[in-house]
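Heads up: take any position in the sequence shown, counting from 1, add 3, and you land on our numbering.
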Amino acid sequence: MGPVVAIPGVEVLEELGKRCPGSAFRVRRGTAVYSIEVALLTDGRADQRAAIQRFRRDAIALARIRHPALPRVLEVGERPGAHYAVMELVSGETLAERLRRGPLPESLVVDLGLRITDALARIHENGLVHGNLRTSCVVFDEKDGSVRLTGFDFATQASPRTEGELPLHDSRDPRADIVSLGSVLFECWTGEPLSSAHDPEVLFDLTDDYSAAPGLGRVLARLLGIGSKGYSDVSELRDDLRKLTNPTPLAAHASPLRGSHSASDSAMVGRENELASLRGAWSATETRGVQVALVCGKRGSGKSRLLRAFAEELAEEGCASLVVECQKAREEPYGVVRQLLEVYLDALERLPRALRTEALGRLRALASDVAFVLGPLSPRLGRVLGEVPPRGNDTRPDEVLAEGLGEFLRRVFSNGDGTPVLLED
Numbered sequence: 004m005g006p007v008v009a010i011p012g013v014e015v016l017e018e019l020g021k022r023c024p025g026s027a028f029r030v031r032r033g034t035a036v037y038s039i040e041v042a043l044l045t046d047g048r049a050d051q052r053a054a055i056q057r058f059r060r061d062a063i064a065l066a067r068i069r070h071p072a073l074p075r076v077l078e079v080g081e082r083p084g085a086h087y088a089v090m091e092l093v094s095g096e097t098l099a100e101r102l103r104r105g106p107l108p109e110s111l112v113v114d115l116g117l118r119i120t121d122a123l124a125r126i127h128e129n130g131l132v133h134g135n136l137r138t139s140c141v142v143f144d145e146k147d148g149s150v151r152l153t154g155f156d157f158a159t160q161a162s163p164r165t166e167g168e169l170p171l172h173d174s175r176d177p178r179a180d181i182v183s184l185g186s187v188l189f190e191c192w193t194g195e196p197l198s199s200a201h202d203p204e205v206l207f208d209l210t211d212d213y214s215a216a217p218g219l220g221r222v223l224a225r226l227l228g229i230g231s232k233g234y235s236d237v238s239e240l241r242d243d244l245r246k247l248t249n250p251t252p253l254a255a256h257a258s259p260l261r262g263s264h265s266a267s268d269s270a271m272v273g274r275e276n277e278l279a280s281l282r283g284a285w286s287a288t289e290t291r292g293v294q295v296a297l298v299c300g301k302r303g304s305g306k307s308r309l310l311r312a313f314a315e316e317l318a319e320e321g322c323a324s325l326v327v328e329c330q331k332a333r334e335e336p337y338g339v340v341r342q343l344l345e346v347y348l349d350a351l352e353r354l355p356r357a358l359r360t361e362a363l364g365r366l367r368a369l370a371s372d373v374a375f376v377l378g379p380l381s382p383r384l385g386r387v388l389g390e391v392p393p394r395g396n397d398t399r400p401d402e403v404l405a406e407g408l409g410e411f412l413r414r415v416f417s418n419g420d421g422t423p424v425l426l427e428d
């Protein structure tokens, strides 16, 4: 056990093991027997004086914070050659141990993220950082299952930075805690540490443009700084995570190879005949194949609302629709088709990882001989399909593009139980 446990007035009964980054002991003080965790700062550092000041100040500051996810600091002191902080020992399964059984459901990842974010907010507003956030430092308390943070680096001091300056590996920056949380949540969601996330299937959710309607993949992308500026503070992150706690019914029930839409707040009234016509066209696909229904009307007459009401009905039956807003895409060649493909990819993003992997495999198989026309049209889809062998010069490139796209769409939307595609012009 060594000198690490030489704390005045404390008799060590048993060393319970190493913690991150301290050690755990069962001790007796007077007649009381209890378990503690000890963080230690020993002499010999080049910045010893500054490190001692940070260690004592941060340990005392943490002792003053009351939060259900944070451990209580019981004592801060020094002995010859070292300074120490004694904390309550949080016993229970660590997140690292839990993840050995597999990834967590998305709802639990979001809930865990909110609980940790709330604790980080309290730490940061008191001028502290955790400095050591990882799955082994998140513990599910054996008493009540609550989420607790352990393993604080008391020698780490929060350091302000200028706007736009990234924390990189500087654990003194509060944003380094945010990036570390991104790595933790990524591992919770995928079951794999971020360092092994080079597979396009794993990174699929993270390479998307997170500025669209936020999903967990886009939140993680921003947390990890993939594609654009990350979160500036935990309050901004907390707001995005809270949006994920109330998903639309369609997003919650979307099945493989199907997409999502934004549900409307008010009920559709006075359009029963039109809805019946759309229902009839959809029912006819079972026996007649693809059906096309054209919804006409003056500007402002409720065409878009009618389509969304129809999509809501389908969602209640467990059938998700792909809704494409053509006005946003009509400026570019094949813009509507490109947006349709990317709405389709949005649908895959919402699936649990196992189903998503299966769906992406089917997608690659369906695109096998036409992938060369899909990548240039949608770089995002191209990343999913992977490298495509180069193709010689075509004498009729426009026709090849149109035929390839048509064949791919036919394969996708005739595969499975059918998918309603709603185009809003």
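Even for Gly, the Cβ is constructed at its ideal location relative to N, Cα and C.
Checklist entry - How about I68 and N129: are their beta carbons less than 7 Å apart? => result Yes, Cβ-Cβ distance for I68 and N129 is below 7 Å.
Next on the checklist: Only counting the same chain, and skipping five residues up and downstream in sequence, which positions put a Cβ closer than 6 Å to that of G105?
Outcome noted: Around G105: G194.
Next on the checklist: With a threshold of 7 Å between beta-carbons, can R282 be considered close to chain D, or not?
Outcome noted: Among the chains of the structure shown, chain D does not appear; only one protein chain is present.
Checklist entry - Taking L131 as the reference, which of T138, A122, R137 has the closest Cα? => result Here the closest residue by C-alpha is A122.
Item to check | Three-state secondary structure (DSSP) of L92 | outcome: Reduced to three states, the DSSP call for L92 is coil.
Item to check | Pairwise C-alpha distance: E316 and R341 | outcome: Rounded to the nearest angstrom, the two C-alpha atoms are 26 Å apart.
Checklist entry - Would you call P177 buried or exposed, if buried means 16 or more other Cβ atoms sit within 10 Å of its Cβ? => result When all chains shown are included, P177 counts as buried.
Checklist entry - Which value, in whole angstroms, describes the spacing of the CA atoms of E27 and L92? => result Glu is not the amino acid found at residue 27; the sequence shown has Ala there. For the pair A27 and L92, the Cα-to-Cα distance works out to about 7 Å.
Checklist entry - Cβ atoms of A72 and R137: under 7 Å apart, would you say? => result Cβ distance not < 7 Å, so R137 and A72 don't count as in contact.
Item to check | Own chain, CB closer than 6 Å to E14, minus 5 neighbours either side, in chain order | outcome: Closer than 6 Å at the Cβ level, and outside the excluded window around E14, lie R31.
Checklist entry - So L188 and L240 are in contact, right, with Cβ under 8 Å, and what is the actual spacing, rounded? => result With a beta-carbon spacing of about 10 Å, L188 and L240 fall beyond the 8 Å limit used to define contacts.
Next on the checklist: Quick test of your reading: V387 and L366, contact by CB under 8 Å. State the CB separation rounded to the nearest angstrom.
Outcome noted: So it is a contact: roughly 7 Å between Cβ atoms.
Item to check | Spatial distance of G385 from L102 (CA atoms) | outcome: Near 31 Å, if we compare the C-alpha coordinates of L102 and G385.
Next on the checklist: Short of 8 Å in beta carbon distance, which residues of its chain neighbour F143, apart from the five on each side in sequence? Order them along the chain.
Outcome noted: Taken in chain order, the residues that qualify are G95, E96, T97, L98, R101, S149, V150, R151.
Item to check | Classification of G84 by the beta-carbon crowding that lies within 10 angstroms, buried from 16 upward | outcome: Within a 10 Å sphere around the beta-carbon of G84 sit fewer than 16 other beta-carbons, which makes this residue exposed.
Item to check | Nearest residue (CA-CA) to L115, options L408, Y234, P196, L247 | outcome: Checking every option, the nearest Cα to that of L115 belongs to L247.
Checklist entry - For the alpha helix (DSSP H) that D114 lies in, which residues bound it at each end? => result In the DSSP assignment, D114 falls within the alpha helix (DSSP H) that extends over 109-128.
Checklist entry - When we look at the beta-carbon of N276 and count the other beta-carbons within 10 Å, is it buried (16 or more) or exposed? => result Around the beta carbon of N276, fewer than 16 other beta carbons sit within 10 angstroms, so the residue counts as exposed.
Item to check | Residue from E190, E78, A312, G407 with nearest C-alpha to Y337 | outcome: Residue G407 is the option with its Cα nearest to Y337.
Next on the checklist: Determine whether the beta carbon atoms of L380 and A370 lie at a separation below 7 Å.
Outcome noted: Not in contact: L380 and A370 (Cβ atoms no closer than 7 Å).
Checklist entry - Should L111 go down as buried or exposed, given a rule of 16 or more other Cβ atoms within 10 Å for buried? => result So L111 ends up on the exposed side.
Checklist entry - Quick one: is D242 buried, meaning 16 or more other Cβ sit within 10 Å of its Cβ, or exposed? => result With fewer than 16 Cβ atoms within 10 Å of its Cβ, D242 is classed as exposed.
Checklist entry - Can you name the residues that DSSP bridges to G80? => result Note: G80 sits in a beta bridge opposite Y87.
Item to check | Under the three-state DSSP convention, the category T153 falls into | outcome: Looking at T153 - three-state DSSP - the assignment turns out to be coil, as it is neither helix nor strand.
Checklist entry - Which residue from C299, I181, T288, L281 puts its Cα closest to that of L244? => result When each option's Cα is compared against that of L244, the closest is I181.
Checklist entry - So is V295 buried or exposed if we call it buried at 16+ other beta carbons inside 10 Å? => result With fewer than 16 Cβ atoms within 10 Å of its Cβ, V295 is classed as exposed.
Item to check | For V41, the three-state DSSP class (helix, strand or coil) | outcome: Reduced to three states, the DSSP call for V41 is strand.
Item to check | Backbone CA spacing between K232 and L348 [nearest angstrom] | outcome: Their Cα atoms are separated by approximately 23 Å.
Next on the checklist: Comparing C-alpha positions only, which one of R311, M90, F155, L219 sits nearest to G185?
Outcome noted: Checking every option, the nearest Cα to that of G185 belongs to L219.
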